[in-house]
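Chains W and D, in that order, are what the protein sequence lines are.
Taking this note's numbering, the leading residue of the first sequence gets 12, the next gets one more, and so forth.
Taking this note's numbering, the leading residue of the second sequence gets 4, the next gets one more, and so forth.
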Amino acid sequence: MKGNEAFAEAAIRAGADGYFGYPITPQSEVMEYLMAEKPHERTGMVVLQAESEVAAINMVYGGAACGKRVLTSSSSPGISLKQEGISYIAGAELPCLILNVVRGGPGLGTIQPSQSDYFQSTKGGGHGDYRMIVLAPSSVQEMADFAGLGFDLAFKYRNPVMVLSDGAIGQMMEKVELEEQRPRFTEEEIIKNTPWATTGKTKNRERNIITSLNLDSAKQEQHNIDLQKKYKLIQEKETRYELINCEDAEYLIVAYGTSARLSQKAVDLLRNQGIKAGLLRPITLFPFPTKAISELADRVKGILTVEMSAGQMVEDVKLAVGCRVKVEHFGRMGGIIPSPAEVVEAMHKKIIGG
Amino acid sequence: MTEEIIIAGFGGQGVLSMGKILAYSGVMENKEVSWMPSYGPEMRGGTANVTVIISDERISSPIISSYDTAIILNQQSMDKFEKSVKPGGILIYDPNGITRHPERKDINIYTIEATDEASKMGLTKVFNMVVLGGFLKLKPIVHAEYIRKGLEKSLPKRHHNMIPDNEKAIGRGMDIIEARQLLN
Numbered sequence: 012m013k014g015n016e017a018f019a020e021a022a023i024r025a026g027a028d029g030y031f032g033y034p035i036t037p038q039s040e041v042m043e044y045l046m047a048e049k050p051h052e053r054t055g056m057v058v059l060q061a062e063s064e065v066a067a068i069n070m071v072y073g074g075a076a077c078g079k080r081v082l083t084s085s086s087s088p089g090i091s092l093k094q095e096g097i098s099y100i101a102g103a104e105l106p107c108l109i110l111n112v113v114r115g116g117p118g119l120g121t122i123q124p125s126q127s128d129y130f131q132s133t134k135g136g137g138h139g140d141y142r143m144i145v146l147a148p149s150s151v152q153e154m155a156d157f158a159g160l161g162f163d164l165a166f167k168y169r170n171p172v173m174v175l176s177d178g179a180i181g182q183m184m185e186k187v188e189l190e191e192q193r194p195r196f197t198e199e200e201i202i203k204n205t206p207w208a209t210t211g212k213t214k215n216r217e218r219n220i221i222t223s224l225n226l227d228s229a230k231q232e233q234h235n236i237d238l239q240k241k242y243k244l245i246q247e248k249e250t251r252y253e254l255i256n257c258e259d260a261e262y263l264i265v266a267y268g269t270s271a272r273l274s275q276k277a278v279d280l281l282r283n284q285g286i287k288a289g290l291l292r293p294i295t296l297f298p299f300p301t302k303a304i305s306e307l308a309d310r311v312k313g314i315l316t317v318e319m320s321a322g323q324m325v326e327d328v329k330l331a332v333g334c335r336v337k338v339e340h341f342g343r344m345g346g347i348i349p350s351p352a353e354v355v356e357a358m359h360k361k362i363i364g365g
Numbered sequence: 004m005t006e007e008i009i010i011a012g013f014g015g016q017g018v019l020s021m022g023k024i025l026a027y028s029g030v031m032e033n034k035e036v037s038w039m040p041s042y043g044p045e046m047r048g049g050t051a052n053v054t055v056i057i058s059d060e061r062i063s064s065p066i067i068s069s070y071d072t073a074i075i076l077n078q079q080s081m082d083k084f085e086k087s088v089k090p091g092g093i094l095i096y097d098p099n100g101i102t103r104h105p106e107r108k109d110i111n112i113y114t115i116e117a118t119d120e121a122s123k124m125g126l127t128k129v130f131n132m133v134v135l136g137g138f139l140k141l142k143p144i145v146h147a148e149y150i151r152k153g154l155e156k157s158l159p160k161r162h163h164n165m166i167p168d169n170e171k172a173i174g175r176g177m178d179i180i181e182a183r184q185l186l187n
């Protein structure tokens with residue numbers, strides 16, 4: 012299966028109630044797959060092509076307000092259009108799943124893979140002090156796994172979750188194992204599981220109001236304080252990363268997504284040259300594995316970050332490391348994927364010999 | 004065993020589907036596989052290529068810059084990928100439409116007259132399976148029974164009546180592939 016198709020199938024199996032999207036390369040297979048698969052016949056899930064990205068994200072807003080498991084997907088320019096809705100959803104503390112199959116920018120840029128939306132995904136994107144949980148798949152398997160995980164985290168924290176993929180992982184095919192079909196929640200289960208949702212007022216409780224608007228500054232500040240508490244809790248509980256060959260590593264690569272795959276090959280090539288290299292692969296970009304990187308910084312001689320961007324995640328790595336060891340960035344832009352050999356060369360030039 | 008392959012040619016020649024059938028066959032044989040296509044405007048009439056990796060171990064990078072085998076089906080792809088074959092590796096090409104033949108001395112080179120053969124068979128669509136047959140003759144990395152399963156998996160059901168023709172084409176490809184330059 013292609014990464015995009017695996018995500019779509021996994022979303023059905025995760026018991027999604029609705030998908031709202033608008034086509035854009037390189038993620039159009041998500042909606043194509045869903046339309047062909049007719050989940051309304053399989054599980055009752057709604058699949059709808061909206062008239063625009065803005066409409067799609069607001070349909071997600073509405074669906075989530077009703078306690079439904081809803082998702083959307085797009086690629087970079089489309090995700091930019093969705094930012095207003097994402098900010099509102101974060102402000103209203105609603106759970107939802109958003110897939111970004113990143114392509115190179117800025118603007119319409121290219122349709123080829125890139126990782127230049129890291130800042131947008133992890134530092135806001137829309138306005139206001141908010142954070143999304145950001146999951147970064149590096150295989151088709153994880154594209155599938157993160158649909159279910161994404162929904163679970165979204166509902167656990169009442170927070171939007173973004174799966175930050177890229178054109179390479181969306182388009183490539185690999186083996187994938189899918190989870191069994193989870194039943195969609197019934198109306199009764201939704202009322203029980205999400206007592207905050209707008210499921211219809213009953214006599215024994217006050218009205219549930221979903222809004223991101225709060226004209227009383229004191230109340231809004233308290234809301235911001237509560238949000239920050241939640242984000243801190245997410246940082247404590249939900250940080251995920253993978254360590255590859257880090258036990259004896261003297262030189263560390265930090266990379267996520269597609270870059271992590273080719274960096275893994277670069278680690279093998281470096282080890283063949285007798286250089287003790289290791290890879291830390293952040294799986295969550297927010298929360299970022301700051302602590303794990305900080306601990307490794309005490310043991311390694313230098314750190315190279317590999318990203319298909321001008322260097323965005325490198326800032327978070329530098330914050331984690333301080334000035335203890337050298338941290339350099341290597342990357343390609345505009346839809347070019349660096350080769351493992353280029354990563355090896357960069358490690359030599361910028362870190363080992365630099 | 005890890006085999007890293009690039010298949011490159013015109014869009015519409017069946018480059019991506021050939022890679023897909025190979026990848027699915029690998030999956031059916033319980034091997035690790037990755038299939039990484041070029042996508043986008045170049046697919047429509049321009050050049051298309053796909054990287055297929057089949058391995059007994061977990062595949063690290065699905066994106067690579069040198070290949071064990073390059074299967075080249077037009078001149079643009081020859082110009083682009085001849086240099087990407089690993090020393091000692093294999094380059095297979097269909098001479099039809101090739102104006103500049105490969106020049107490297109450090110690789111094994113084979114030709115396969117797949118365009119001719121497919122039109123002789125009266126089935127121009129199975130061109131890509133003739134090429135696949137030639138490749139499998141040199142690198143029998145998946146067994147014939149799994150190729151059939153791969154065909155079943157990657158062809159839509161309405162085209163399953165074409166499977167015997169596809170298998171015949173694979174067989175013809177195995178027969179007609181010729182060595183042009185062999186390393187000792």
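Ideal Cβ placement from N, Cα and C applies to all residues, glycine included.
Let me check understanding here. Comparing Cα to Cα, which of the options lies closest to residue i?
i, options, result
"GLY102 of chain W", "W:MET12, W:GLN192 and W:TYR168", "W:TYR168"
"LEU25 of chain D", "D:PHE13, D:VAL55 and D:ILE110", "D:VAL55"
"ILE90 of chain W", "W:ILE180, W:ALA303, W:LEU108 and W:ALA75", "W:LEU108"
"MET143 of chain W", "W:THR210, W:ALA352 and W:VAL174", "W:VAL174"
"LEU110 of chain W", "W:VAL71, W:HIS138, W:LYS134 and W:PRO117", "W:VAL71"
"ILE173 of chain D", "D:ARG161, D:LEU141 and D:GLY137", "D:GLY137"
"SER84 of chain W", "W:ILE220, W:ALA75 and W:GLN60", "W:GLN60"
"ILE220 of chain W", "W:LEU226, W:PRO148, W:ASN170 and W:THR209", "W:THR209"
"LEU330 of chain W", "W:ARG310, W:VAL355 and W:LYS302", "W:LYS302"
"THR36 of chain W", "W:TYR262, W:VAL58 and W:GLY116", "W:GLY116"
"GLU120 of chain D", "D:LYS156, D:LYS86 and D:ASP168", "D:ASP168"
"MET358 of chain W", "W:PHE299, W:GLU249, W:GLN284 and W:ASP327", "W:GLN284"
"ARG193 of chain W", "W:LYS241, W:GLU153, W:VAL172 and W:ARG80", "W:ARG80"
"VAL129 of chain D", "D:TYR96, D:ILE101, D:GLU170 and D:THR114", "D:GLU170"
"SER132 of chain W", "W:GLN123, W:LEU119, W:GLY120 and W:ASP177", "W:ASP177"
"LEU160 of chain W", "W:LEU189, W:GLN182 and W:VAL317", "W:LEU189"
Give the secondary structure of residue i by DSSP, where H, G and I count as helix, E and B as strand, and everything else as coil.
i, result
"PRO300 of chain W", "coil"
"LYS243 of chain W", "helix"
"LEU76 of chain D", "coil"
"PHE166 of chain W", "helix"
"HIS359 of chain W", "helix"
"MET183 of chain W", "coil"
"MET173 of chain W", "strand"
"THR102 of chain D", "coil"
"VAL151 of chain W", "helix"
"THR209 of chain W", "coil"
"GLU232 of chain W", "helix"
"THR295 of chain W", "strand"
"LYS13 of chain W", "strand"
"GLU188 of chain W", "coil"
"PRO159 of chain D", "coil"
"ILE95 of chain D", "strand"
Kindly list the residues whose CB is nearer than 8 Å to the CB of residue i, restricted to its own chain and excluding five residues on each side of it in sequence; keep chain order.
i, result
"LYS152 of chain D", "TYR27, SER28 and MET31"
"VAL18 of chain D", "ILE10, ALA11, GLY12, ALA51, ASN52, VAL53, LEU76 and ASN131"
"ARG343 of chain W", "MET319, PRO349 and GLU353"
"GLN152 of chain W", "ALA17, GLU185, LYS186, VAL187 and GLU188"
Can you name, in chain order, every residue of its own chain whose Cβ lies under 6 Å from the Cβ of residue i, other than the five neighbours on each side?
i, result
"MET194 of chain D", "Limits of chain D in this structure are 4 at one end and 187 at the other, which puts residue 194 of chain D out of reach."
"ASN256 of chain W", "VAL278 and GLY289"
"ASN99 of chain D", "THR118"
"GLY135 of chain W", "none"
"ILE62 of chain D", "GLU35, SER37 and ILE56"
Who pairs with residue i in a beta bridge, going by DSSP?
i, result
"ALA182 of chain D", "D:TYR113"
"SER85 of chain W", "W:ASN111"
"GLY29 of chain W", "W:VAL57 and W:VAL81"
"ALA288 of chain W", "W:TYR262"
"LEU315 of chain W", "W:ILE264 and W:GLU339"
"SER5 of chain D", "Sequence check: residue 5 of chain D is Thr here, not Ser. Answer is D:SER58, bridged to THR5 of chain D."
"ALA11 of chain D", "D:ASN52 and D:ILE75"
"GLU253 of chain W", "W:ARG292"
For residue i, which residues from the same chain have a beta carbon less than 7 Å from its beta carbon, with the 5 sequence-adjacent residues on both sides left out?
i, result
"GLN275 of chain W", "ILE255 and LEU290"
"VAL311 of chain W", "ALA260, GLU261, TYR262, LEU263 and VAL336"
"TRP207 of chain W", "ASN219"
"GLN231 of chain W", "ASN225"
"PHE84 of chain D", "ILE9, ALA11, ALA73 and ILE75"
List in chain order: all unbroken alpha helix (DSSP H) runs of 4+ residues lying wholly within the stretch 113-137 of chain D.
-> The stretch 113-137 of chain D contains these whole alpha helix (DSSP H) runs: 117-123.
Secondary structure, alpha helix (DSSP H): runs of 4+ residues fully inside the stretch 14-76 of chain D | Segments of the alpha helix (DSSP H) lying fully in the stretch 14-76 of chain D: 18-31.
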